[in-house]
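A quick write-up on the structure given underneath.
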Amino acid sequence: MAPDQQLDVGEPLVRVEDLTIRFPGGRAGFWGQTELEVHAVDGISFEIAPGETLGLVGESGSGKTTTGRAVLRRAPIRSGRIHFGGRDITDLAGKAKRALSRHMQLIFQDPYASLNPRMRILDLVAEPLIVHGLAENREEAVEEVKELLRRVGLPPNAFERFPHAFSGGQRQRVVIARALALKPQFIVADEPVSALDVSIRAQVVNLLQDLQGEFGLTYLFIAHDLSVVQHVSDRIAIMYAGKLIEIGPANRIYRRPKHPYTEALLSAVPVPDPAVQRRRKRIVYKDEPPNPIFPPKGCRFAKRCPLVSLQCKNVEPPLEAKSPGHFAACWHKH
Amino acid sequence: MTGKLLEIDGLEVHFTTRRGVVRAVRGVSLSIGKGEALGLVGESGSGKSVTAQAAMGLVHAPGEIVGGDIRWKGKSLLGPRGQALSRKIRGRKVSIVFQDAMTSLNPLFTCGQQIAEVLRHHMGMNRKQARARALELLELVDISAPQQRLDQFPFEMSGGMRQRVMIAMALTCEPELLIADEPTTALDVNIQAQILELLQDLQQRLGLSIIMITHDLGVVAGICDRVAVMYGGRIVEQARVDEIFARPGHPYTMGLLRSTPRIDGGDERMTSIAGSPPDLLVPQSGCAFAERCPVAQNECATDIRLKEISEHRQVACHFPFEGPWSRNAREAGGRDGA
Numbered sequence: 032m033a034p035d036q037q038l039d040v041g042e043p044l045v046r047v048e049d050l051t052i053r054f055p056g057g058r059a060g061f062w063g064q065t066e067l068e069v070h071a072v073d074g075i076s077f078e079i080a081p082g083e084t085l086g087l088v089g090e091s092g093s094g095k096t097t098t099g100r101a102v103l104r105r106a107p108i109r110s111g112r113i114h115f116g117g118r119d120i121t122d123l124a125g126k127a128k129r130a131l132s133r134h135m136q137l138i139f140q141d142p143y144a145s146l147n148p149r150m151r152i153l154d155l156v157a158e159p160l161i162v163h164g165l166a167e168n169r170e171e172a173v174e175e176v177k178e179l180l181r182r183v184g185l186p187p188n189a190f191e192r193f194p195h196a197f198s199g200g201q202r203q204r205v206v207i208a209r210a211l212a213l214k215p216q217f218i219v220a221d222e223p224v225s226a227l228d229v230s231i232r233a234q235v236v237n238l239l240q241d242l243q244g245e246f247g248l249t250y251l252f253i254a255h256d257l258s259v260v261q262h263v264s265d266r267i268a269i270m271y272a273g274k275l276i277e278i279g280p281a282n283r284i285y286r287r288p289k290h291p292y293t294e295a296l297l298s299a300v301p302v303p304d305p306a307v308q309r310r311r312k313r314i315v316y317k318d319e320p321p322n323p324i325f326p327p328k329g330c331r332f333a334k335r336c337p338l339v340s341l342q343c344k345n346v347e348p349p350l351e352a353k354s355p356g357h358f359a360a361c362w363h364k365h
Numbered sequence: 149m150t151g152k153l154l155e156i157d158g159l160e161v162h163f164t165t166r167r168g169v170v171r172a173v174r175g176v177s178l179s180i181g182k183g184e185a186l187g188l189v190g191e192s193g194s195g196k197s198v199t200a201q202a203a204m205g206l207v208h209a210p211g212e213i214v215g216g217d218i219r220w221k222g223k224s225l226l227g228p229r230g231q232a233l234s235r236k237i238r239g240r241k242v243s244i245v246f247q248d249a250m251t252s253l254n255p256l257f258t259c260g261q262q263i264a265e266v267l268r269h270h271m272g273m274n275r276k277q278a279r280a281r282a283l284e285l286l287e288l289v290d291i292s293a294p295q296q297r298l299d300q301f302p303f304e305m306s307g308g309m310r311q312r313v314m315i316a317m318a319l320t321c322e323p324e325l326l327i328a329d330e331p332t333t334a335l336d337v338n339i340q341a342q343i344l345e346l347l348q349d350l351q352q353r354l355g356l357s358i359i360m361i362t363h364d365l366g367v368v369a370g371i372c373d374r375v376a377v378m379y380g381g382r383i384v385e386q387a388r389v390d391e392i393f394a395r396p397g398h399p400y401t402m403g404l405l406r407s408t409p410r411i412d413g414g415d416e417r418m419t420s421i422a423g424s425p426p427d428l429l430v431p432q433s434g435c436a437f438a439e440r441c442p443v444a445q446n447e448c449a450t451d452i453r454l455k456e457i458s459e460h461r462q463v464a465c466h467f468p469f470e471g472p473w474s475r476n477a478r479e480a481g482g483r484d485g486a
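Chains as they are written, first to last, in the working numbering: chain D, 32 to 365; chain W, 149 to 486.
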């Protein structure tokens, strides 16, 4: 599937417009009269086509997890719109909002923390079915749960056991089975393999890809490990300090990055090959990311950027097309 | 033995738990020379960290060193006779940097105080000397605004800076050997690269030997001279870094290399190793990797020791691979991975 074609074809499954998220950031000033805000996500827009995997990359604090949660309506949205399947879901509340989770699910990083140790696998996987009224009780859900566990490659007797009996990789399979129970169209996977060992990581990534083919799933794949993201994604979006700075087809981002930050990021990823690794040169950028409470007025990467000019410091570069389907926010790279 | 700083010989470490005895390290032997960088690679539970902790004398109850020897420049550090030497060496000539700097630093003291404490205790410096030396050390690890960092608490710093403070602290007594236990795992890619460059730079400037414990083959490729791969409490392969990446001998090493995605690779399907790591509670007979191994045969049920297959190259496998390999398991032979 060519991702750039996908974008033109019909309606995207997910469309995010000008999403802004702020969190309270304490108080300042005389008697604390000024309320400070953390600019977690600042005016980002992107689309995800049905059946596509969009990789979302950024360092810690860049707002990638917050964005993923906002798409699922699990973060407070300051402004902007979120559309899902052609419907504006930004203002849904109550029952309508709860019904959303039948179509969109979340997988977390830590399979140890996301499974209740006191619940059997059967109860864990059956819970969403019961909550959404697809099964009266867990006895009714047994067959369904067994089928789900088989799909994710767990032994048939797994359903009667507790999470402690499983390794990290197997637990992540349980988490995936639970996310699939409601047959969602869209899954946000937040660092789903970061906590797993190398050999197990490949198993889970392959499982996610198989399930995508089987159920026609659409993924938002959030990770900081660029090699895994590069591998699973059709397109990649890169965030820096709450801004979307580059988005485009995965192979083009890797071969021709159009933002100095992306370029530096790619050069820092170690390659498991001594000959290549010794030849590679890392693009150095020093300093720290900007303070999210007082973001700079120009480009947020300006302070650390090798190409910086006066324009960068004063005017924020817009996200513009550098080649078809490939967008970046930089004044200087073309 | 000449020229070897640290030698670990047939080390066995057991942990007694309610469910039985966990045999975490099962006869590990390795050595490191002056100025060398050794990579110790393995998954969680392979025994790599426990091996390092044993070398630092940090194995405490319920853990116990039940066999083998650890020698510093030929002299044993174990047992009652080794104790005096052990106190002199460990923390001074050998120091360790842990993965999580936030939990390793005391949150109630400033970084300056924590570095100075080591200097005053180990080097007998007074407060003023210690502070001056602490500043030098922070400069050595290339931290930004070192003067201010002295009076900052760990929570005021970013993860990368904290890791630099940890390294500075490890360098206080001018060690000859630095053990880095997953020093970059919790860090962002860019910070990881910075820390690795720092370690490499220190190695060259101070003639430091480094044992780098990691699960990331990319990290090893960048900075190590020699690599030991651990699985199920044993070393399954040991060779020079170029050799191991160009011609992995053990099927597990091959599996690890194949399942590590490369950023410069294509988007073919990832190759995984079937199954999961062994349960260390179960006494092992034969090759620990046999049940996951694609080329396992009947002989694999019999015990296998690390044996030399060529110079500087040891593999613990009845049927080691030879010659070039391909990332793609389905196309046998084919492209050279190197």
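Glycine residues also receive a C-beta, built at the ideal position from the N, C-alpha and C atoms.
All values derive from a computational prediction rather than experimental measurement.
Opposite residue i in the DSSP bridges: which residues?
| i | result |
| --- | --- |
| S234/W | Partner(s): none; S234/W has no beta bridge. |
| M270/D | L275/D |
| I328/W | Residue identity check: residue 328/W is Ala in the sequence provided, not Ile. Per DSSP, V245/W, M360/W. |
| G211/W | F163/W |
| M378/W | I383/W |
| M135/D | F217/D |
| S110/D | T51/D |
When you compare each of the options to residue i by their alpha carbons, which one comes out closest?
| i | options | result |
| --- | --- | --- |
| S258/D | L153/D, D241/D, R232/D | R232/D |
| L123/D | R209/D, R104/D, V315/D, H134/D | R104/D |
| D119/D | I314/D, V45/D, I79/D | V45/D |
| H365/D | P323/D, D304/D, P288/D | P288/D |
| K182/W | E155/W, L159/W, R417/W, R453/W | E155/W |
| W362/D | P355/D, S354/D, G356/D, S340/D | S340/D |
| H460/W | R388/W, L335/W, L429/W, R171/W | R388/W |
| R286/D | L211/D, A272/D, Q261/D, M270/D | Q261/D |
| S198/D | L365/W, N338/W, Q462/W, E191/W | E191/W |
| A490/W | L267/W, E439/W, T333/W, P255/W | Because chain W here runs from 149 to 486, residue 490/W falls outside it and cannot be looked at. |
| Q243/D | E66/D, E90/D, P81/D | P81/D |
| L233/W | V189/W, I244/W, R219/W | R219/W |
| H255/D | K177/D, V88/D, R283/D, V315/D | V88/D |
| L346/D | A189/D, C330/D, P301/D, H357/D | The amino acid at residue 346/D is misidentified as Leu; the sequence shows Val. Looking at the Cα atoms, C330/D is the closest of the given residues. |
| I218/D | G86/D, Q201/D, Q342/D, P187/D | G86/D |
Checking 8 Å against the spacing of the C-beta atoms, do residue i and residue j come in under that value?
| i | j | result |
| --- | --- | --- |
| E324/W | S357/W | yes |
| P399/W | F437/W | yes |
| A185/W | D412/W | no |
| R109/D | T51/D | yes |
| L145/W | V367/W | Here chain W comprises residues numbered 149 to 486, so residue 145/W is not present and cannot be evaluated. |
| P396/W | W473/W | yes |
| G56/D | I253/D | no |
| G195/W | V173/W | yes |
| V102/D | L297/D | no |
| I361/W | V242/W | no |
| T424/D | I79/D | Here chain D comprises residues numbered 32 to 365, so residue 424/D is not present and cannot be evaluated. |
| P327/D | P320/D | no |
| V189/W | V377/W | yes |
What does residue i touch in chain D if you count any residue whose Cβ is under 8 Å from its own?
| i | result |
| --- | --- |
| E459/W | Residues of chain D passing the Cβ test: none, with the nearest at roughly 18 Å. |
| S200/W | In the sequence under discussion, the amino acid at residue 200/W is Ala, which differs from the Ser named in the question. In chain order: nothing, as chain D lies at least about 18 Å away. |
Under 9 Å Cβ-Cβ, which residues of chain W neighbour residue i?
| i | result |
| --- | --- |
| R169/D | In chain order: nothing, as chain W lies at least about 27 Å away. |
| I231/D | E191, S407, S420, I421, S424, P425 |
| E90/D | D336, V337, N338, I339 |
Taking residue i as the query, report the chain W residues whose CB atoms sit under 7 Å from its CB, ordered along the chain.
| i | result |
| --- | --- |
| L297/D | I411 |
| S258/D | P409, R410, I411 |
| R331/D | Neighbours of R331/D on chain W: none; closest Cβ ~15 Å, over 7 Å. |
| E158/D | Chain W residues near E158/D: none, gap ~26 Å exceeds 7 Å. |
For a contact defined as C-beta to C-beta under 9 Å, what are the partners of residue i on chain D?
| i | result |
| --- | --- |
| D390/W | P305, A306 |
For residue i, go through chain D and note every residue whose CB falls closer than 7 Å to its CB, in chain order.
| i | result |
| --- | --- |
| L404/W | V229, S230 |
| L365/W | P303 |
If the cut is a Cβ gap below 8 Å, which residues of chain W does residue i touch?
| i | result |
| --- | --- |
| D322/D | Residue identity differs from the one stated: residue 322/D is Asn in this sequence, not Asp. Those within 8 Å of N322/D in chain W number zero; the least Cβ separation is about 12 Å. |
Is the segment 214–227 of chain D touching the segment 136–147 of chain D, taking contact as three or more C-beta pairs under 8 Å? Touching, per the Cβ criterion.
Hey, is the segment 224–237 of chain W in contact with the segment 296–312 of chain W, meaning 3+ C-beta pairs nearer than 8 Å? Judged by pairs of C-beta atoms under 8 Å, the segment 224–237 of chain W does not touch the segment 296–312 of chain W, as fewer than three such pairs exist.
Determine, using beta-carbon pairs with one atom in the segment 301–310 of chain D and one in the segment 325–342 of chain D, whether at least three such pairs fall under 8 Å. Flag = no, the segment 301–310 of chain D and the segment 325–342 of chain D do not touch.
Can at least three beta-carbon pairs, one atom from the segment 265–278 of chain D and one from the segment 350–360 of chain D, be found at a separation below 8 Å? Under the three-pair Cβ rule at 8 Å, the segment 265–278 of chain D counts as touching the segment 350–360 of chain D.
Spell out a yes or no on whether the segment 180–196 of chain D and the segment 124–139 of chain D are touching, meaning 3 or more CB-CB pairs, one atom from each, closer than 8 Å. Contact fails between the segment 180–196 of chain D and the segment 124–139 of chain D, because fewer than three Cβ pairs, one in each stretch, are under 8 Å apart.
Would you check if there are 3 or more beta carbon pairs closer than 8 Å linking the segment 393–407 of chain W to the segment 416–424 of chain W? At 8 Å Cβ cutoff, the stretches touch.
Taking three-plus beta-carbon pairs below 8 Å as touching, is the segment 88–97 of chain D in contact with the segment 67–75 of chain D? Yes, the segment 88–97 of chain D is in contact with the segment 67–75 of chain D.
The segment 157–177 of chain D contacting the segment 203–216 of chain D, beta-carbon criterion three pairs below 8 Å: Taking 8 Å as the limit for Cβ pairs, the verdict is that the segment 203–216 of chain D does touch the segment 157–177 of chain D.
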